[in-house]
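A short write-up of the structure that comes next.
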Amino acid sequence: MFARRQTVTPGLGRSMLGFLDWPRQYVSLGASGVHKTTLNLFALLRRARLPARLLARYIGVFISLAILSVFASTAANAVTINSVSASPTTFTDPGTLITFTMAFNTDNRAWTGATFTDTNGSVFSVGTCSPGPNGQTNQAVTCTFTYTTPAGRITDLQFIPMVTVDGLDTATSSGLITITYVPSTVTLASTPSAATQVGQSYSQTNVASGGMAPYTYSISAGSLPAGTSLNSATGTVSGTPTAAGSFNYTVQAVDSTTPAHLTASQTVSGTIAKGTQTISFTQPANAALTSGPVTLSATTSSGLMVAFTSTTTAVCTVSGNSVTLLSAGTCTIDADQAGNANYQAATTVSRSFAVTQGTQAISFAQPANAALTSGPVALSATASSGLTVAFTSTTTAVCTVSGNSVTLLSAGTCTIDADQAGNANYQAAATVSRSFSVTQGTQTISFTQPANAALTSGPVTLSATASSGLTVAFTSTTTAVCTVSGNSVTLLSAGTCTIDADQAGNANYQAAATVSRSFAVTQGTNVITFNTLPNRALGSGSFSLSATASSGLTVTFVSTTTTVCGVSGATVSLLSVGQCTVEARQAGNGSYMAAVPVAQSFSVAKAATTITLHVPATNLYGYPLTLSATVNGVAPTGSITFRDGGATLATVVLSGGTATFITSGLSAGSHDLSASYSGDASNLPTMSSVVSIMVNLRPDPSQDPDVIGLINAQASAMERFGQTQIDNIRDRLTRLHGDDDDSGPVAFGMTVNQSQSKAAQQWFDENKDDAQAYAGSPDDTDGSAQALAAMPTGSVQESPLFHLWTTGSVSFGSVTPSGGTENSFSTPGLTAGIDTQVMKHLKAGIAIGYASDKTTIGDDGTRSDGKSISVALYGSYNFLPSTFLDVVGGYGHANFDSERYSSDGDVLLKGARGGEEWFGSAALSREFKSGAWLVSPFGRVDAVHWKLDSYAETGSSTWALNYDSMNTTSVRTALGLNMSYDIPVDWGKLSLDAAFEDSYRLSGDYNQILNYADLTTGPFYSVTGEANSTNQVTTGLGLSAKVGTINMRAKYQLSFGNGWRVENQNFIGSVGFPLN
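Residue numbers (our numbering): 131 to 1206.
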């Protein structure tokens, strides 16, 4: 498929739209306007390059317009062109500027255009005109036009001038304006080639100008350099010169002017220099010396023959392109080309390659077998390289080689290696081995006759040799008289000594014949050797004597000073201090004469002694220190002096070699202890080594976690004893606020009737419904029930004369005092009391209490057990409605039993101490009741003053502590809130209780002074702490139940303080017995 695309510019579109409306405008345009418009549109359509079909459609319209313009022009007024001129009137070359001047008259109208039209159809407009076209009437107008001659135009130019008036009327000059063409000459410009050398690219240009292109180029004279040619169309001579030398040629250019062509010539001359050439030389491979000639390969860029030369003629030579290898090394070959008439000599190119060593082989003649004694064997071998062959023996025990001569050393197989180690030109040859047999030889013995010898004359040396050079062996055939070792004869007894000399032969030699020799051995002398004996100390122990006789016979020993020393066999025993003499004797025998006795004497001195001083490893100040010194000697007697540095501590007589001294007087610090021995008749005095010890103060017990924990446990227990009674009584006082006798665990009440009315009796008998009914009946004659009926239910109670009650509680928890270990305690308490209403708004009573405490300190067995008995007075004063002041005051006595583990002494220490305390409390509270709810905020001050007696621990004289008495007063303030809620049930009454308290201790720190029990004068130590937490928060929950006259109540409290956690559990019961 084909698509036709038309492109019309916006200006062209507007022109076309205007053109479509022209037919209705022609009546008013006139002929000149139609003519001008037609020409303008025709020019526009040509520039737009419209498709042929559309262009044909518009051309038809233009023809119609042209016909209309002819008719219109006949009616138009005349427009006159006065004159037209051109300068210059000739041209030669394209681009000549021609100026036209035209003068015309507008016939009293405004002119709208002036053009020149070339006869070839080119139209160009006016340049400048004076005056301008607008508003000019009936005036002469002069216009100037410029025109540049086109390229390729070589004929005359003719133009038609035209003027247009009012866009319709035109005037045309009556004659053509002609510009005459005058032909010019052709010139030829030549440019020499940049390169003028054989083998390089040659390019010489020749460019023609003038006349009429195109031009045709040719060589009109001379000849081009060999290898080049002329391009007849461009005039360029190009190619690669192949021959050196001078050249001269003429280039002719002919243009296209017709009928007569114009020509131009240019002569070119110069010289082609010799060309350069390069050599390409293939790298020869490395070659072994024995590999034969090496062929060389090299070429030149000129194609000329390459010549080779060797620069290492000791290694290689060259003939033609063949290299002969002479020796190992580096062979260097130069490749050259000397050049010729057209080429310069090439640069020398060198190539080197390695000539490696050649190989070689050995030819080795087989040697014949030979007897060991047959003399040297000659060897024969040659190498293919012509180098000398070297021989080595691989069986040097059988044969050796020197040069080519083999020396036979032993029977066996002699193997010889032939080697050629090579040199710079040849590699080492492969080893060639040859073997031959070496057989045994014969031998004889030459034995010198020994001379006669005395038995004691010493060994007799034998002398014998074998012709083989082998060692001769000697044996005695009279071993009772003499023996042989090597070539030395040992004489044993008098008699005849016979010796055989033998050589058994070996692998190389046969055995030699035995040769015997005999000589006489006479009796020998006997001499004792008894060395001097060193002096010895008594007690150094027995020792052995040593003496020898030259005969070898046994020497005997005898003491000639039996009070000083005794001899048994060869052992000497030292008996006393003095001079000991021992005599050595030998009586002789058949072979030896008796020896002369030899005596030796030595002194026996006092025994050397040593002292071992024993000092305990642990030494504490004030603790008895036992010093023990043991003397090592001969039954030592005398005395030991103990010293501390230079000071004598004591002198103690030895008993059984040991002296002991006990002292407690060493001060704390470092001590250098020693012991000296006085000596006695048998023992020398001596001194022990110095033993340095440190007498340490005992550890500070105030830093002992168990001590801290034990003191805290007792102090805390004392405060808890008092606080337990305060809490139990305070709980009773709280129950008294409502005249409720249910508050004690067990309460006994005796009552009297406060009213003789039946209603009151029914009320007090718990028949409240009957009492209310009676109060409104006619039977209530005295009206006493009216007031009773007006009271709220539950507000009327019986008033007992007195109450008996009891309360029990258990507190348990843990605390870790500063510096101490964790204390886990359990403190149960029981309180019983009796109270009554003393006067209106005042109730008071007395109570007795019992409490115990068990506290475990740490996990090493330390504990504290305490018991307390107390008595207290208490009262509750209702001084304002629902406002109560409760007061408690009491006294108690306590006893403690304790056990404390001392890690320093690894001992369990026991102690017992007593104590007493005063305690008191004042509380202010107010009760708010709403239905079943009771809320009572309160404030309270508690005080406990306690004192613990002094006591001393038992169980260790070293580690037991003495505790001074201590006392303190603990004052604590508290704010809190009690709440209860009554729940009616069918079987009685059920109440829920809750409590919250925040307390702060104002005072109560304790200070325990203590010291070690055996150190009564000190040092003294102090343990301080607090018996309870400074700030403590307590919360509690309780449950009360009443069934008839039986009341049960349980309460649980949990207290937290800094480092403290305490749990309280109270179990309360009561039984009421009303009496009428």
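Built from N, CA and C at the ideal position, the CB exists for glycine as well. As the structure is a computational prediction, the values presented were derived from the model and not from experiment.
Pairing residue 1148 with residue 941, the inter-Cα distance amounts to about 38 angstroms. It is roughly 15 angstroms from the alpha-carbon of residue 612 to the alpha-carbon of residue 682. In this structure residue 472 is not in contact with residue 367, their Cβ atoms being roughly 19 angstroms apart against a cut-off of 8 angstroms.
Between the segment 710 to 719 and the segment 655 to 664, the count of Cβ pairs shorter than 8 angstroms is three or higher; the stretches touch. Within the same chain, and ignoring the five residues on either side of residue 673 in sequence, the residues whose Cβ sits closer than 8 angstroms to its Cβ are 666, 701, 702. With contact defined as three or more Cβ pairs closer than 8 angstroms, the segment 761 to 776 and the segment 729 to 741 are in contact.
Within the segment 521 to 579, the complete beta strand (DSSP E) segments at least 3 residues long are 529 to 532, 535 to 538, 542 to 549, 562 to 569, 575 to 577, listed from N- to C-terminus. When 343, 1170, 581, 408 are compared, the shortest CA-CA separation from residue 387 is found for 343.
Residue 835 sits in a helix when the DSSP states are folded into three classes. Taken in chain order, the whole beta strand (DSSP E) runs of length 3 or more contained in the segment 1066 to 1137 are 1091 to 1093, 1096 to 1115, 1118 to 1133. In its chain, beyond the 5 residues on either side, 499, 543 have a beta carbon closer than 7 angstroms to the beta carbon of residue 567. Counting along the chain, the unbroken beta strand (DSSP E) around residue 697 starts and ends at 695 to 698. Of the candidates 946, 1056, 462, 939, 939 places its Cα closest to the Cα of residue 958.
When DSSP states are grouped into helix, strand and coil, residue 851 belongs to the helix group.
Counting of Cβ neighbours within 10 angstroms places residue 1167 among the exposed residues, the total staying below 16. For the pair residue 408 and residue 476, the CB atoms are nearer than the 8 angstroms cut-off. Counting C-beta pairs with one atom in each stretch, the segment 415 to 428 and the segment 356 to 373 have fewer than three that are closer than 8 angstroms, which means they do not touch. For the pair residue 1067 and residue 1058, the Cα-to-Cα distance works out to about 9 angstroms. Look at residue 840 here: in three-state DSSP terms it is helix. Selection 306, 338, 228 evaluated against residue 213 yields 306 as nearest (Cα-Cα). Take residue 1152, set aside five residues on each side of it, and the residues of its chain with a beta-carbon closer than 8 angstroms to its own are 832, 1137, 1138, 1139, 1140, in chain order. Look at the segment 422 to 503 and you find these whole runs of beta strand (DSSP E), each 3 residues long or longer: 428 to 430, 437 to 440, 446 to 449, 452 to 455, 459 to 466, 479 to 486, 492 to 494. With a contact defined as Cβ atoms closer than 8 angstroms, residue 858 and residue 750 miss out at about 48 angstroms.
In the three-state reduction of the DSSP assignment, residue 378 falls in the strand class. Collapsing the DSSP output to three states places residue 846 in a helix. DSSP, read as helix, strand or coil, puts residue 865 in helix. Take residue 605, set aside five residues on each side of it, and the residues of its chain with a beta-carbon closer than 8 angstroms to its own are 614, 629, 630, 632, in chain order. For residue 467, the closest C-alpha among the options 1029, 971, 429, 458 is that of 429.
Residue 1155 sits away from residue 1098, with the two beta carbons spaced by 8 angstroms or more. Separation of the CB atoms of residue 992 and residue 954 is rounded to 11 angstroms, and the pair is thereby denied contact status at 8 angstroms. Here the alpha carbon of residue 1186 sits roughly 13 angstroms from the alpha carbon of residue 1131. In the structure shown, residue 858 falls within a helical segment according to DSSP collapsed to helix, strand and coil. Rounded to the nearest whole angstrom, the CA to CA distance from residue 609 to residue 624 is 12 angstroms. Residue state for residue 291 is assigned as strand, using DSSP reduced to three classes.
If you look at residue 360, you'll find it in the beta strand (DSSP E) that goes 358 to 360. For residue 1017, the enclosing beta strand (DSSP E) covers residues 1013 to 1032.
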